[in-house]
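First comes the structure, then the notes that go with it.
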């Protein structure tokens, strides 16, 4: 994951030097601290329903077909893993950096 983050950081830094860019990603705000940031928040259940619908409407996604309840469990687990990862590698607490954004 850190290698992927470093590559994304390098690519976006190069682009930022050339022109204005829109960078979407969970950690982009951290890699470009001088940027304007937008945090889009969605209710957990609504977000899971949207992901689940996209999984079932789009055969190109690699997550496979799962029930909505399975997806919710997977999403909660991913978020918990992200909390640990962001703290370990970037010393960031997700609940703390989320207060930087308008709800």
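In this note's numbering, the protein residues as written are 123 to 225. Ideal Cβ positions, reconstructed from N, Cα and C, are used throughout, including at glycine. Everything numeric in this text was worked out from a predicted model, so none of it was measured.
Within 10 Å of its beta-carbon, does residue i have 16 or more other beta-carbons around it, so buried, or fewer, so exposed?
{"i": "residue 209", "result": "exposed"}
Determine, using beta carbons only, whether residue i and residue j come nearer to each other than 8 angstroms.
{"i": "residue 153", "j": "residue 159", "result": "no"}
{"i": "residue 205", "j": "residue 195", "result": "no"}
{"i": "residue 143", "j": "residue 134", "result": "yes"}
Could you compute how far the alpha carbon of residue i sits from the alpha carbon of residue j?
{"i": "residue 162", "j": "residue 138", "result": "22 angstroms"}
{"i": "residue 145", "j": "residue 127", "result": "13 angstroms"}
{"i": "residue 129", "j": "residue 176", "result": "27 angstroms"}
{"i": "residue 207", "j": "residue 174", "result": "25 angstroms"}
{"i": "residue 212", "j": "residue 179", "result": "35 angstroms"}
Ordered along the chain, which non-local residues of its own chain (more than five positions away) have a Cβ less than 8 angstroms from that of residue i?
{"i": "residue 171", "result": "190"}
{"i": "residue 167", "result": "194"}
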